[in-house]
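Numbering (the numbering used here), first residue to last: 34 to 137.
In this text, a Cβ means the ideal position worked out from N, Cα and C, and glycines have one as well.
Beneath this line is the structure, given in structure tokens, with notes to follow.
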Ligand SMILES: [Zn+2]
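As structure tokens, this is what we get:
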């Protein structure tokens, strides 16, 4: 049975998360966000942890596009690395925040 592709909702736009294309491989990209096609592509040959980092980085590109932030590559790289570290190092807090169980 064919695996259902992952999707990611950013604002009102649903992105499909797919493996990178041969063109991206040839262009030496680990990931790519195509806002016109609503696709995020990630190099599936990378180790799983690296794939999730690349996907998160591409998600920040998508957020930048959908929320008109105009973030340049360097800012996307720093913001995605920082946010992913905070989320990974605080799983209980983020579980509470995303399930409306956050009470002080
Ligand atoms: Zn980037």
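Look at residue i and residue j and say whether their C-beta atoms are less than 8 Å apart.
{"i": "residue 87", "j": "residue 63", "result": "yes"}
{"i": "residue 75", "j": "residue 93", "result": "no"}
{"i": "residue 73", "j": "residue 41", "result": "yes"}
{"i": "residue 38", "j": "residue 77", "result": "no"}
{"i": "residue 48", "j": "residue 71", "result": "yes"}
{"i": "residue 90", "j": "residue 113", "result": "yes"}
{"i": "residue 123", "j": "residue 98", "result": "no"}
Quick check: does the Cβ of residue i come within less than 7 Å of any heavy atom belonging to ligand 1?
{"i": "residue 109", "result": "yes"}
{"i": "residue 105", "result": "no"}
{"i": "residue 90", "result": "yes"}
{"i": "residue 94", "result": "yes"}
List the endpoints of the continuous alpha helix (DSSP H) containing residue i.
{"i": "residue 112", "result": "106-122"}
{"i": "residue 82", "result": "81-99"}
{"i": "residue 58", "result": "55-59"}
Does the beta-carbon of residue i have 16 or more other beta-carbons within 10 angstroms, so that it is buried, or is it exposed?
{"i": "residue 132", "result": "exposed"}
{"i": "residue 66", "result": "buried"}
{"i": "residue 43", "result": "buried"}
The beta strand (DSSP E) spanning residue i covers which residue range?
{"i": "residue 67", "result": "64-67"}
{"i": "residue 47", "result": "46-52"}
{"i": "residue 74", "result": "72-75"}
{"i": "residue 137", "result": "Premise fails: residue 137 is in no beta strand (DSSP E) and is neither H nor E."}
{"i": "residue 40", "result": "39-43"}
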